[in-house]
Amino acid sequence: MNSKDKISLQDVLIARKRIAPHIHHIPLMSSASLSRISGSNIFLKLENEQVTKSFKVRGAANRLLKLSANERRRGVVTVSTGNHGKAVATMAQRLGINATVCVPELVLQHKIDAMRDIGAEILTHGADQEEAEEHAMSLANDKGMTYISPFDDLDIIAGQGTIALEILEDLPEVDHVLVPLSGGGLLSGIALAMKAVNRSIRTTGVSMDRSPVMYWSIRAGRPIQMPELPSLADSLIGGIGLGNRYTFDLIRTYMDDACLVSEDQMADAMVHMLVNERLVVEGGGSVALAAPLNDRVLNLGKNVVVVVSGGNADMPTLLKLVRQRSSIVTSSAH
Ligand SMILES: *Cc1c(COP(=O)(O)O)cnc(C)c1O
Numbered sequence: 034m035n036s037k038d039k040i041s042l043q044d045v046l047i048a049r050k051r052i053a054p055h056i057h058h059i060p061l062m063s064s065a066s067l068s069r070i071s072g073s074n075i076f077l078k079l080e081n082e083q084v085t086k087s088f089k090v091r092g093a094a095n096r097l098l099k100l101s102a103n104e105r106r107r108g109v110v111t112v113s114t115g116n117h118g119k120a121v122a123t124m125a126q127r128l129g130i131n132a133t134v135c136v137p138e139l140v141l142q143h144k145i146d147a148m149r150d151i152g153a154e155i156l157t158h159g160a161d162q163e164e165a166e167e168h169a170m171s172l173a174n175d176k177g178m179t180y181i182s183p184f185d186d187l188d189i190i191a192g193q194g195t196i197a198l199e200i201l202e203d204l205p206e207v208d209h210v211l212v213p214l215s216g217g218g219l220l221s222g223i224a225l226a227m228k229a230v231n232r233s234i235r236t237t238g239v240s241m242d243r244s245p246v247m248y249w250s251i252r253a254g255r256p257i258q259m260p261e262l263p264s265l266a267d268s269l270i271g272g273i274g275l276g277n278r279y280t281f282d283l284i285r286t287y288m289d290d291a292c293l294v295s296e297d298q299m300a301d302a303m304v305h306m307l308v309n310e311r312l313v314v315e316g317g318g319s320v321a322l323a324a325p326l327n328d329r330v331l332n333l334g335k336n337v338v339v340v341v342s343g344g345n346a347d348m349p350t351l352l353k354l355v356r357q358r359s360s361i362v363t364s365s366a367h
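Per the numbering used here, the sequence shown runs over residues 34 to 367.
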C-alpha cells in the first residue's frame, strides 16, 4: 500500500478540528516588498508568529491529543533540533504529560533553554540528529514511553497539513505554495491537502544547499544518507531515515518542484524580513522567502503563498547578520 492511501484530506480536516483550541490561525499577509521584487502577488503564511514560534505545534498537538490515557501516563520521548521539541514540550505541559527530548550536541543553547523552561527533560546525546534519534527510540522501548517522530508520522503530517486549509480559506485563488523542506512532514501535509482540493495548485519544496537529503533522495528514487553540515538553517538539519515510512512517498507523489538556496541567500532573506516587514524569521524559516528573492523558482505564478515556518532565531546570530548587511538595512528602511 502506498503512503498516499494511508492519509487523506479527511485526516487533515479532522486534525484541524482537534487542534483548533491550541493554535492560532494567523491570516495571510501580503508582502509589498516581495511582490515588487518577484513580480508576483506574494502572501506570507506567518508560522514564525505561531504558538511556540513554529508550525511544529500543529503536528505535535494532533499527535499528543490522540494518545490514550495509558500512553499519556507513560509519557513521551522525542528527538529534535529545537522546534519540534519545543512544540512537544508545550503540548505535553498543557496536557499534563511527561516529555523527554533528546537533542544532538549541535543544537543551539537558546533552543535547549526554551524547552527546559517549558518543563521538558533534555538529554544531550550523539553527534548528530540520527544518533540522538536512536537514543530516543531505545529510551521509548526501555521505559514504555511513546516515541514522537518529528516528521515521519501520519498524525504529525495531518497536523502540518492544516496550514493548507487556512491558506485555501484566506486565498482561494492561490496558484503556488513555497514550502521549506527538510524531513518533509510540513510539505507532505500541505501538498496532499492542496492537491485533494485543487490539482492545479502547485507546491515547491525549498531546502538549503548544505546536505538537502530529501532533494537528492527524490532524484535518486530512494531515501539516501548525507553527512550533516552546520547551517544557518539549524531547524532543517538532519536526514529522512533510510527506513523512511511516509514522507518520501508523499513528497514524491504530491510535490511539483524543488529548489535549493545558499547560506548567504537565507541570511539576506532574514535581514530583508526584519527590515522590510519588521518580522523575526529564523534560518530554516527563511528558505522559502529566499527562493523568490533570488529568482530560484520555476513558474512562480500569479498568487503565491510563502510559508514562513519559524521565528526562533538566535539573537547574537541575527544581530551579526544585520551588522554584516548594512546595505540592506539602509537602502530599504523607512
Ligand atoms: C521542522 C522545520 C522545517 C521543516 O519541516 P519538515 O517537516 O522537517 O520538512 C522548516 N522550518 C522550520 C522552522 C522547522 O522547524
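From the three backbone atoms N, C-alpha and C, an ideal C-beta is built for every residue, glycine too.
Asked                                                                                                                       : Found
Start and end residues, alpha helix (DSSP H) containing serine 171                                                          : 162-176
In DSSP terms, what leucine 293 is bridged to                                                                               : Ser240
Cβ-heavy atom distance, glycine 192 to ligand 1, below 7 Å                                                                  : no
Residue closest to histidine 55, alpha-carbon to alpha-carbon, out of Ser101, Ala102, Gln126 and Asn103                     : Gln126
Inter-residue CB distance, valine 136 and isoleucine 181 (contact presumed, cutoff 8 Å)                                     : Going by Cβ atoms, the distance from valine 136 to isoleucine 181 rounds to 14 Å, so no, they are not a contact pair.
Identified DSSP bridge partners for glycine 343                                                                             : Ser87
Among Leu139, Glu138 and Ala122, nearest to asparagine 131 - alpha-carbon criterion                                         : Ala122
Beta-carbon proximity check, isoleucine 284 vs glycine 217, cutoff 8 Å                                                      : yes
Secondary structure of alanine 102, DSSP reduced to three states                                                            : helix
Closer than 7 Å: leucine 312 CB and nearest ligand 1 heavy atom                                                             : no
Residues of its chain near valine 230, where Cβ-Cβ distance is below 8 Å and the 5 sequence neighbours each way are ignored : Leu42, Ala197 and Leu201
DSSP beta-bridge partners of threonine 157                                                                                  : Val136
For aspartate 185, the nearest candidate out of His117, Phe76, Val330 and Met148 (CA to CA)                                 : His117
Cβ separation of serine 87 and isoleucine 75, assumed to be a contact under 8 Å, to the nearest whole Å                     : With a Cβ gap of about 21 Å, serine 87 and isoleucine 75 do not count as contacting.
Alpha carbon of aspartate 208 to alpha carbon of isoleucine 234, nearest angstrom                                           : 5 Å
Distance CB(valine 304)-CB(valine 362) smaller than 8 Å                                                                     : yes
Simplified DSSP state of lysine 335, which is helix, strand or coil                                                         : coil
Lysine 39, enclosing beta strand (DSSP E) - first and last residue                                                          : Premise fails: lysine 39 is in no beta strand (DSSP E) and is neither H nor E.
Cβ distance (whole Å) where cysteine 292 is taken to contact valine 330 below 8 Å                                           : 6 Å
Spatial neighbours of serine 215 in its chain, beta-carbon cut-off 6 Å, leaving aside the 5 residues before and after       : Leu269
Near ligand 1: lysine 89 beta-carbon under 7 Å from a heavy atom                                                            : yes
Limits of the unbroken beta strand (DSSP E) element including phenylalanine 184                                             : Counting along the chain, phenylalanine 184 falls outside any beta strand (DSSP E), and DSSP gives it neither H nor E.
Buried or exposed by the 16-neighbour rule on C-beta atoms within 10 Å, applied to serine 359                               : exposed
Under the three-state DSSP convention, the category isoleucine 270 falls into                                               : coil
Any non-hydrogen atom of ligand 1 closer than 7 Å to leucine 139 Cβ                                                         : no
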